[in-house]
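Mature numbering (1 follows the signal peptide of the UniProt record, and there is no 0) puts the sequence shown at residues -25 to -1, 1 to 527.
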Amino acid sequence: MIQLLRSMLTLTAAIAVFSSGPSWAQDTAPSAPTTQAEEVEGVFKSAVIVDGNELFYLRGSSALPASERVANVQDRIIALAENSNTETVVITEDITDAGIVLFANGQEITVVTSSDAELEKMEIVVLAKLQGEAIRDAILNYRSDRSDEARVSGAIDAILWIAGFSLFSFVLIWLRRKLKHRITKVVHRHFADVETATNAQVQAEAIAALIRFGVNFVLLAIFFLGTYYFLSFVLLAFAETRYIAQILLTYVTVPVLNIILGFIRYIPNIITLGVIALMTQYIVKGFRVFFDAVEAGSFDLGDFERHWINPTFNIIRAVVILIALVFSFPYIPGSDSAAFQGLTLLIGAMLSLGSNSVVGNILSGLFVIYRRSTSIGDRIQIGEHVGDVVQIKLMETHLKSIKNELISIPNAQLLNSEVINYTKKVDGSGLLVHTTVGIGYEEPPEKVDAMLIEAAHRTKGLKNRPEPFVLWSALADYATNYQINAYTTRGASIPRIKSDLHRNIVAVFTENHVQIMTPSYIADPAEPKIPDHKWNGQLAHEEQLATAEKAD
C-alpha cells in the first residue's frame, strides 16, 4: 500500500507541474471536446462545450451536421480567447437572411438560425442575446482560468489536495494497523471460552483473520475511492484538465448519488422491514420462553412428550419466519422488478426439481419424531442395524451401535422399515428374552424344563417374577427344540443378557450330564458329548470334596 501511495503522489506531482505550462496546455489539453450529436424528438443537436461547460445547443442539417457546426464554433471561441488579451469582449449582431450573426470583438462566432430558435422554443432575437452572453462569459472565463493568478491558485490547490491525501493515507494505514491488533485482542478474549469448550474446533485466530479481511477490504475500498476523488480534484484545479476531472467525477458521483438517493427513498420501507423483523424476533422469543416452561414442567400439555419440545419449537419458528417473509416481500428493494421476480422463479424451479428426496426425508423426519415409536435414548433395530438413538434430525436419524459405531439412517428409510424397539415397555412385565436349544428325545422333558429355568434364574438381568417358562418350539428330526423365555426391563443390555443366558445353559446342562444336540448326526456316540471334568469347575470342585472326605 505504501508503494502505491508513493506512485500516486509522484503521478499527482507530475500532473501539477506539467499542467501549469501554458505551451503544453495549449497543444494537448482537451479544453473543448465536441459532444456527439444526439436526437431529441427527431432533431439532431449537439452542445457547444468550452472547458467542460455547456454553452448552448446547435441544430444540424444534412449539409452541415450538428457536430461539425459545434466544432467550428468551439474553435472560433478558443482561438479568440487565446489570441486576444483584451479584458473586455464586445458582442455584436448582424441580421441576415440566414439568421442573426454573432460577432465577438469583430470576429464572427456563430449564426443563430430560425431552426435553432425552433429547437429551443423561443424567439430568435432572445436566443441570439442569450447565446451572445454565453460566448462572452466563456471567453472571459477561458482567459481568467489561464492567467498567472489562476495557475498559481491551481498549483496551491493541488498542493493542498496532495497534503490532504497524504494525511488521509497516513490515517488509513494507522487505522489498519490499530484495528488489526484490536480485532485480534477482542476476538481472542471473547472466543477463548468457546475454543476451550469445543476442544479447539472453533479457532479464534481464524475468526480474527476473517474479520481482519473484511475490515481491510472496507479500508481498501475507502482508499481507492479517496484516490479517485483526489486525482479528480487535482485535475479540476487546472483549466486544461478540468473537463477530464468533471468526467471522472460524473462517472463515480452519479452512481454513488443514485445509491444514496435510492437508500433515502427506501428509508420508509427499511423502517417497515425493521418493525417486522423486531416483531418476529419477539414472537419467536415468546415461543422459546413457553417451550422452556413446558420443558421445566411449569406447563402440563397432557400427552405432549418431552422430546417433541425442540422440534415443535423449530417448526413454529420456521412458520413464523416464513409468514414474516411474506409480509416483508413487498418492502424489499427491487421486489417489483422483473429481474427479482425472474430470480425467485428460477430459485423456486431449482428447489422443486432438485429437492424431492430432501422434502421426502424432512416429512419422514417429522413423522418419525411425532409417531411415538422411537425416542432419543431408545435401543432399536432397523434391518441389520441395532443401536441407541442419539439424535433425530429432519433429514436423518443417528444411531450408536453396540460396537460404538455411528450409524446414519435416512428418515425415509426409517419410516418405511420395521423398527424393533427394545426400550419402550408395552406393559409392566418388560421385554421377553428367548433362545432355543435342541435336546434329544431320550431326555425327560421335565428335567430339560427345569434345567432351562435354572439357567434363566442364574442370569443377571432376567426377572424371577413373572416366572421364566419353557415352550416347545418344534419337534425336529433328532431333537426336541425347547425355547426358554424370561422377562427383562433392561432392553439396552439384551446382547449381554443373551450371552450370559447361553453361558448358563451350557453350564447347567454340563453339570447334569445332558448333551445339547449338534445340528445333525448319524448315531449316538459311545460317550456323551459333554466337556471333560477338568474343564468343568463345578464338577472338579465336587470331586475334590469327595476325595477329601474319603481321606478323612
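Using N, Cα and C, we set each Cβ at its ideal position, and we do this for glycine too.
query	result
Measuring only the C-alpha atoms, how far is Asp261 from Val229?	For the record, residue 261 in the displayed sequence is Gly; it is not Asp. Whole-angstrom Cα-Cα distance: 46 Å.
When burial is assigned at 16 or more other CB atoms within 10 Å of the CB, is Arg44 buried or exposed?	buried
Should Ala482 and Ala461 be called a contact, given that it needs their Cβ atoms to be closer than 7 Å?	no
On the DSSP bridge list, what partners appear for Glu68?	Leu77
Going by the beta-carbon positions, is the gap between residue 611 and Leu390 smaller than 7 Å?	The structure shown does not extend to residue 611, since the chain is modelled only from -25 through 527, so no value can be given for it.
Ignore the nearest five residues each way along the sequence and tell me which others in Glu98's own chain have a CB closer than 7 Å to its CB.	Ala92
Looking only at its own chain, which residues have a Cβ that is under 8 Å from the Cβ of Ala467, when we skip the five neighbours before and after it?	Arg354, Asp363, Tyr397 and Thr398
As an exercise, report each continuous alpha helix (DSSP H) stretch of at least 4 residues that is fully enclosed by the stretch 206 to 288, in chain order.	217 to 240 and 242 to 271
If you follow the alpha helix (DSSP H) that Asn479 is part of, which residue opens it and which one closes it?	Ile469 to Glu486
Candidates Ala41, Gly35, Ile110 and Val100: which alpha carbon is nearest Ile53's?	Ile110
Could you tell me the boundaries of the beta strand (DSSP E) in which Asp363 lies?	His360 to Ile367
Should Gly317 be labelled buried (16 or more other beta-carbon atoms within 10 Å of its own) or exposed?	exposed
Taking only three categories from DSSP, how would you classify Tyr462?	strand
In the DSSP assignment, the beta strand (DSSP E) including Asn396 goes from what residue to what residue?	Val394 to Asn396
DSSP on Gly27, reduced to helix/strand/coil?	coil
Would you identify the three-state DSSP class for Tyr457, choosing helix, strand or coil?	strand
Any idea what DSSP makes of Thr411, helix, strand or coil?	strand
According to DSSP, is Val87 part of a helix, a strand, or is it coil?	strand
By the three-class DSSP mapping on this structure, what secondary structure does Thr159 have?	helix
Taking the alpha carbon of Phe302 as the reference point, which residue from Trp283, Ala252, Asp267 and Ala271 has its own alpha carbon closest?	Ala252
By DSSP, does Leu437 sit in helix, in strand, or in coil?	coil
For Leu406, which beta-bridge partners are listed by DSSP?	Thr463
Using the Cβ count rule (16 or more neighbours within 10 Å means buried), how would you classify Arg217?	buried
For Lys378, which beta-bridge partners are listed by DSSP?	Paired residue(s): none; Lys378 is not in a bridge.
Out of Phe31, Gly201, Asn58 and Val162, which one is the CA nearest neighbour of Ala184?	Val162
In this structure, how does DSSP classify Tyr306 when only helix, strand and coil are distinguished?	helix
Can you give the Cα-Cα distance for Leu94 and Val23, rounded to whole angstroms?	15 Å
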